[in-house]
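Colleague:
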Amino acid sequence: MTLNDIRQERQKWMTWKNIAPLRSALEQLPTLTTQVSAGDTVTITSEEAVDLVELERVARLMMPWRKGPFEVLGLFIDTEWRSHQKYNFLRPHFNLTGKKVADIGCNNGYYMFRFLEDSPSKVVGFDPSALFKTQFDFINHFVKSSIVYELLGVEHLPLYEEKFDTIFCLGVLYHRSDPVGMLKTLRQGLEKGGEVYLDTFIIEGDEPHALCPSERYSKITNVYFVPTLTALENWSIRAGFTTFEVLGTVVTTSQEQRKTNWIASQSLEDFLDPNDPTKTIEGYPAPIRGYVRLGL
Ligand SMILES: C[S@@+](CC[C@H](N)C(=O)[O-])C[C@H]1O[C@@H](n2cnc3c(N)ncnc32)[C@H](O)[C@@H]1O
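Letter by letter, the sequence shown follows residues 317 to 612 in the numbering used here.
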């Protein structure tokens with residue numbers, strides 16, 4: 317199967333019965349002259365009048381909204397994650413001016429909208445979620461950016477028609493059952509001299525060890541490996557990266573992830589041990605994220 321075959325196959329996801337009504341709603345959105353300011357809240361404004369009740373109805377069809385926040389023509393989408401905290405943590409470490417940038421696991425594109433402040437030459441997002449692509453299309457209808465959103469996974473990077481100067485892959489590694497294989501695909505997606513910014517759940521300790529949750533970690537079923545930073549470095553070396561730089565570690569708190577009325581499901585407070593917030597509900601160390609930069 318070629319990449320174009322995969323693209324064509326996945327385009328059919330837009331006709332699924334849970335997605336098709338959202339796509340029809342997108343087609344009814346008004347065409348307005350807008351301004352965009354990408355601070356912590358990606359904010360879209362217009363001097364033209366808009367039916368806010370209808371706009372909110374459409375946005376709520378697309379719940380859950382996990383990454384953000386966004387303010388669309390006066391409608392504040394208070395997402396589960398205050399993703400600006402992750403963005404602001406990484407911001408001092410990169411400059412994307414004139415670069416070809418990919419965001420792998422881009423969700424609804426929050427970070428990609430923020431990348432535009434650097435005027436990169438191209439921004440491409442990969443995420444195999446028809447719902448998150450639809451959220452992206454909702455926001456981008458008003459932003460009108462030239463960001464390319466591919467319904468592809470990290471596993472498709474080696475086949476991709478272009479290589480990237482900078483790849484972000486945030487919050488994806490622990491979802492992969494073959495983390496070294498995933499790191500290799502990231503390496504294969506890079507231009508010569510390129511770099512990868514990655515964050516993942518980590519456990520504390522200097523040993524080259526990884527936690528392997530039996531069924532769930534923080535109630536998430538598809539978390540396979542949670543490494544120490546040493547284990548993560550060893551995986552990176554085995555994947556062919558020559559530089560490994562730790563940018564920092566951050567404990568996830570309810571300042572960053574919490575239940576809002578834009579998600580109908582549980583959030584961090586339900587995932588931690590109510591008697592000991594340093595542990596997950598399963599008794600594992602509570603989520604800490606390690607941020608690293610990998611180079612060739
Ligand atoms: C935990 S979220 C992280 C979102 C965002 N990168 C962040 O850090 O805030 C994981 C994302 O990976 C996406 N995903 C799932 N399978 C994937 C795959 N095979 N390749 C790339 N992304 C994938 C999900 O749809 C989801 O948007």
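Where is the CB? At the ideal position from N, CA and C, for every residue including glycine.
All of these numbers come straight from a predicted model, not from anything done at the bench.
Please find out if some non-hydrogen atom of ligand 1 comes closer than 6 Å to the beta-carbon of V512.
Modeller: Reading the sequence shown from its first residue, position 196 is the one you call residue 512. V512 Cβ: outside cutoff for every heavy atom of ligand 1.
Colleague: Excluding five sequence neighbours on each side, which residues of the same chain lie with their C-beta closer than 6 Å to the C-beta of R326?
Modeller: By 1-based counting over the sequence shown, the position of residue 326 is 10. Sequence-distant Cβ neighbours of R326 in its own chain, meaning closer than 6 Å and more than five residues away, are L467.
Colleague: Please confirm whether any heavy atom of ligand 1 lies closer than 6 Å to the CB of I322.
Modeller: Within the sequence shown, numbered from 1, the residue matching residue 322 stands at position 6. It does not: the Cβ of I322 is nowhere closer than 6 Å to a heavy atom of ligand 1.
Colleague: Identify, in the order they occur along the chain, each residue of the same chain with its Cβ nearer than 7 Å to the Cβ of Y426, setting aside the five sequence neighbours on each side.
Modeller: Working through the sequence shown from its first residue, we reach residue 426 at position 110. Closer than 7 Å at the Cβ level, and outside the excluded window around Y426, lie V358, K383, G384, S399.
Colleague: Which word fits N577, buried or exposed, when buried means at least 16 other C-beta atoms lie within 10 angstroms of its C-beta?
Modeller: For the purposes of this step, residue 577 is identified with residue 261 of the sequence shown, where counting begins at 1. Exposed, since its Cβ has fewer than 16 Cβ neighbours within 10 Å.
Colleague: Contact defined as beta carbons within less than 8 Å: I believe F480 pairs with L506. What is the distance between those atoms, to the nearest angstrom?
Modeller: The sequence position of residue 480 within the sequence shown is 164, counting from 1. The sequence position of residue 506 within the sequence shown is 190, counting from 1. At roughly 6 Å, the Cβ-Cβ gap stays under 8 Å, so F480 and L506 are in contact.
Colleague: Taking C-beta to C-beta, are A526 and A547 nearer than 7 Å?
Modeller: For the purposes of this step, residue 526 is identified with residue 210 of the sequence shown, where counting begins at 1. For the purposes of this step, residue 547 is identified with residue 231 of the sequence shown, where counting begins at 1. In contact: A526 and A547 (Cβ atoms closer than 7 Å).
Colleague: Taking only heavy atoms of ligand 1 into account, decide whether any of them is closer than 6 Å to the Cβ of N456.
Modeller: The residue given as residue 456 occupies position 140 in the sequence shown. At a cut-off of 6 Å, the beta-carbon of N456 does not count as near ligand 1: no heavy atom of the ligand is closer than that.
Colleague: For V388, does the three-state DSSP call read helix, strand or coil?
Modeller: Here residue 388 refers to the residue found at position 72 when the sequence shown is read from its first residue. V388: strand per DSSP, three-state reduction.
Colleague: Sorted by chain position, which residues of the same chain lie with C-beta nearer than 6 Å to V567's C-beta, five sequence neighbours on each side aside?
Modeller: By one-based count along the sequence shown, residue 567 stands at place 251. Correct list, in chain order: I604.
Colleague: On the criterion of 16 or more Cβ atoms from any shown chain inside 10 Å, does K333 qualify as buried, or is it exposed?
Modeller: Position 17 of the sequence shown, counted from the start, is the residue given in the question as residue 333. By the 16-neighbour rule on beta-carbons within 10 angstroms, K333 is exposed.
Colleague: Would you call the stretch 470 to 488 in contact with the stretch 408 to 424, where contact means no fewer than 3 C-beta pairs closer than 8 Å?
Modeller: Here the stretch 470 to 488 lies against the stretch 408 to 424, with 3 or more beta-carbon pairs under 8 Å apart.
Colleague: What's the gap between the Cα of G441 and the Cα of E549?
Modeller: For the purposes of this step, residue 441 is taken as the residue at position 125 of the sequence shown. For the purposes of this step, residue 549 is taken as the residue at position 233 of the sequence shown. C-alpha separation (whole angstroms): 25 Å.
Colleague: Go through its chain and collect everything with a Cβ distance to P337's Cβ below 8 Å, but skip five positions before and after it.
Modeller: Within the sequence shown, the letter at position 21 stands for residue 337. If we look at P337 and ignore the five residues flanking it on each side, its Cβ neighbours are L377.
Colleague: Quick one: is the Cβ of I420 within less than 6 Å of any heavy atom of ligand 1?
Modeller: Here residue 420 refers to the residue found at position 104 of the sequence shown. For ligand 1, at least one heavy atom lies less than 6 Å from the Cβ of I420.
Colleague: Quick one: is Q451 buried, meaning 16 or more other Cβ sit within 10 Å of its Cβ, or exposed?
Modeller: Within the sequence shown, numbered from 1, the residue matching residue 451 stands at position 135. With 16 or more Cβ atoms within 10 Å of its Cβ, Q451 is classed as buried.
Colleague: Contact check, I455 vs F431 under 8 Å by CB: the rounded distance?
Modeller: Here the question's residue 455 lines up with position 139 in the sequence shown. Here the question's residue 431 lines up with position 115 in the sequence shown. Rounded, the Cβ-Cβ distance is 14 Å, inconsistent with contact.
Colleague: Return the bridge partner residues of S353 from the DSSP annotation.
Modeller: What you label residue 353 is simply residue 37 of the sequence shown in a count that begins at 1. According to DSSP, S353 bridges with T359.
Colleague: What is the rounded straight-line gap between the Cα of Q351 and the Cα of S362?
Modeller: Here residue 351 refers to the residue found at position 35 of the sequence shown. Here residue 362 refers to the residue found at position 46 of the sequence shown. When rounded, the distance between both Cα atoms is 6 Å.
Colleague: Kindly indicate which residue of K415, L345, P529 has the alpha-carbon position closest to the one of G517.
Modeller: Sequence index remark: in the sequence shown, residue 517 carries index 201 (1-based). The sequence given here places Phe at residue 517; Gly does not occur at that position. Of the listed residues, the one whose Cα sits closest to F517 is P529.
Colleague: Does ligand 1 have a heavy atom nearer than 6 Å to the CB of G384?
Modeller: Translated into the one-based positions of the sequence shown, residue 384 becomes position 68. Checking the Cβ of G384 against ligand 1 gives no.
Colleague: Considering only heavy atoms of ligand 1, does any lie closer than 6 Å to the CB of V464?
Modeller: Here residue 464 refers to the residue found at position 148 when the sequence shown is read from its first residue. The answer is no for V464.
Colleague: Can you tell me whether P543 is helix, strand or coil according to DSSP?
Modeller: Translated into positions along the sequence shown, residue 543 becomes position 227. Note: P543 maps to strand in three-state DSSP.
Colleague: Check for me: the beta strand (DSSP E) holding T482 runs from which residue to which?
Modeller: Locating residue 482 in the sequence shown gives position 166, where the first residue counts as 1. Element bounds for T482: 480 to 486.
Colleague: Check whether the stretch 534 to 542 touches the stretch 486 to 500, counting contact only when three or more Cβ pairs, one atom from each stretch, lie closer than 8 Å.
Modeller: Verdict: yes, contact present.
Colleague: To test your reading of the DSSP string, which unbroken alpha helix (DSSP H) runs of 4 or more residues are found completely within the stretch 373 to 453?
Modeller: 400 to 406, 426 to 431
Colleague: By DSSP's criteria, P601 is part of a beta bridge. Which residues make up the other side?
Modeller: In the sequence shown, the residue the question calls residue 601 occupies position 285. Beta-bridge pairing links P601 to K595.
Colleague: From which residue to which residue does the beta strand (DSSP E) around G564 run?
Modeller: Translated into positions along the sequence shown, residue 564 becomes position 248. Where G564 is concerned, the enclosing beta strand (DSSP E) stretches over 559 to 567.
Colleague: Using the Cα positions of L345 and L389, report the straight-line distance between them to the nearest angstrom.
Modeller: Residue 345 sits at position 29 when you count from the first residue of the sequence shown. Residue 389 sits at position 73 when you count from the first residue of the sequence shown. One C-alpha to the other measures close to 12 Å.
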